[in-house]
Amino acid sequence: MEEIIKKYVDECLGFVQEHREYLMYVSSYEEPIESEMRDSLDNAILQGKSVKIYVTQPEHTNYMVDIITEKDHVWKAIDNQISDEDISQLESILNIILPLSYKTYLKYKHFYEIFWDLDVCLYPKPIHSWNKILIENNKELQEEILDKGYFAIGRYSDYGVIALKLTDNENKEGEVVLFDYETPEKEVLAPNFVEFLNQILQNPKPVLQELKGWEKKMYKME
């Protein structure tokens, strides 16, 4: 279990670190990066880079990202600071029991947005606000998800929420499902959290791809 969780996080971090100028910053209009996770970027690596580029993956919809600007802020991953007591407090606030696999995931490194599957983005884990993010997202969806015995852990593309089926024991692993924003239907994505991460890692590594000539003209890039 722990091996797959660490591999998932490390592979995702490795990918975004390769393309830090596009994938490892927080926009100036978002919440500031927490001080322990702030990093710097050598502006020399921006020279000759396109201001917009596609992130692509077979059988997924490409999406466009912008290069970092001087107003944006680079983040770095840091070692975990979440304790078992911190997780227990989160469970108490929401009156839930999280599966052991997800607790293990919470206790492995702090980071902002990372991904491997272009459709799947688990909620970020900043060092001081990881719990606030989880509480707010679940209370916002309390009637639709939490009250039905599920726990929101991330978003699926731009049309759904990824959630864990909760049980009465941390050693019981519930299924991972997709709740569609538009319909009351839910789709099972994997039998448990570890298998969900393992399935994601079967996807080929995403790649960055330049815009076509006409697209660059449309965005006044040339």
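In this text, residue positions in the sequence shown follow the working numbering: the first is 33, and each later residue adds one.
Even for Gly, the Cβ is constructed at its ideal location relative to N, Cα and C.
- Touch check for the stretch 94-101 and the stretch 128-143: three-plus C-beta pairs under 8 Å? With the cut-off at 8 Å, the stretch 94-101 and the stretch 128-143 do not touch.
- Message: If contacts are defined as beta-carbon pairs under 8 Å, then valine 208 and asparagine 224 qualify, I think. What distance do you get, rounded to the angstrom?
- Response: That pair is a contact at about 7 Å.
- Take glutamate 264 as the anchor and find which of Tyr61, His160, Ile167, Lys218 has the nearest alpha-carbon. The chain is shown from 33 up to 254; residue 264 falls before or after that span and cannot be answered.
- Along the chain, where does the beta strand (DSSP E) that runs through glutamine 241 open and close? That run of the beta strand (DSSP E) goes 239-241.
- Can isoleucine 146 and valine 48 be called in contact, C-beta distance under 7 Å? Using a Cβ distance threshold of 7 Å, isoleucine 146 and valine 48 count as a contacting pair.
- Message: Let me make sure I understand the geometry here. Which of Asn230, Val83, Ile65, Asn169 has the alpha-carbon closest to that of lysine 255?
- Response: For the chain, the structure presents residues 33 to 254; residue 255 sits outside this window and is missing.
- Message: Applying the 10 Å Cβ sphere with the 16-neighbour rule, what's the burial state of methionine 18?
- Response: Any answer about residue 18 is impossible in this case: the structure gives the chain only from 33 up to 254.
- Task: Could you pull out every residue in the same chain whose Cβ sits closer than 7 Å to the Cβ of isoleucine 77, ignoring the five residues on either side in sequence?
- Result: Sequence-distant partners of isoleucine 77 (beyond 5 residues in either direction) whose C-beta falls short of 7 Å from its own C-beta, in its chain, are Glu53.
- Host alpha helix (DSSP H) of glycine 186 (start-end): That residue, glycine 186, is in no alpha helix (DSSP H); its beta strand (DSSP E) goes 182-188.
- Which of helix, strand or coil DSSP assigns to phenylalanine 143: Note: phenylalanine 143 maps to coil in three-state DSSP.
- Item | Member of Asn201, Cys153, Glu34, Glu202 whose CA lies at the smallest distance from the CA of alanine 184 | For the residues Asn201, Cys153, Glu34, Glu202, the minimum Cα distance to alanine 184 belongs to Cys153.
- Task: State whether the stretch 231-242 contacts the stretch 68-88, with contact taken as three or more CB pairs (one from each stretch) at a distance under 8 Å.
- Result: Three or more beta-carbon pairs separated by less than 8 Å link the stretch 231-242 to the stretch 68-88, which places the two stretches in contact.
- In its own chain, which residues sit with a C-beta less than 7 Å from the C-beta of proline 158, not counting the 5 before and 5 after it? Once the five neighbours on either side are set aside, the close Cβ partners of proline 158 are Glu66, Met69, His142, Tyr144.
- Kindly indicate the opening and closing residues of the beta strand (DSSP E) around valine 208. Element bounds for valine 208: 208-212.
- Query: Buried or exposed: where does aspartate 179 fall if 16 or more other Cβ atoms within 10 Å of its Cβ makes it buried?
  - Reply: Aspartate 179 should be labelled exposed.
- Does the Cβ of glycine 206 have 16 or more other Cβ atoms within 10 Å, making it buried, or fewer, making it exposed? With 16 or more other Cβ atoms within 10 Å, it is buried.
- Item | Three-state class that DSSP yields for glutamate 219 in the structure shown | Of the three classes helix, strand and coil, the one that applies to glutamate 219 here is strand, per DSSP.
- What residues match up with valine 58 in a beta bridge as DSSP calls it? According to DSSP, valine 58 bridges with His105.
- Item | Exposed unless 16 or more other CB atoms sit within 10 angstroms - verdict on isoleucine 177 | It is buried - the Cβ of isoleucine 177 has at least 16 other Cβ atoms within 10 Å.
- Message: On the DSSP letters alone, give me the boundaries of the alpha helix (DSSP H) that aspartate 118 sits inside.
- Response: Segment 116-126, the alpha helix (DSSP H) holding aspartate 118.
- Query: What is the residue span of the beta strand (DSSP E) that lysine 197 lies within?
  - Reply: Secondary structure note for lysine 197: its beta strand (DSSP E) is the uninterrupted segment 192-197.
- Item | Alpha-carbon spacing of glycine 113 relative to glutamine 121, whole angstroms | The amino acid at residue 113 is misidentified as glycine; the sequence shows glutamine. Cα to Cα, glutamine 113 sits roughly 14 Å from glutamine 121.
- Item | DSSP beta-bridge partners of tyrosine 86 | Answer by DSSP bridge pairing, in chain order: Met96, Gln241.
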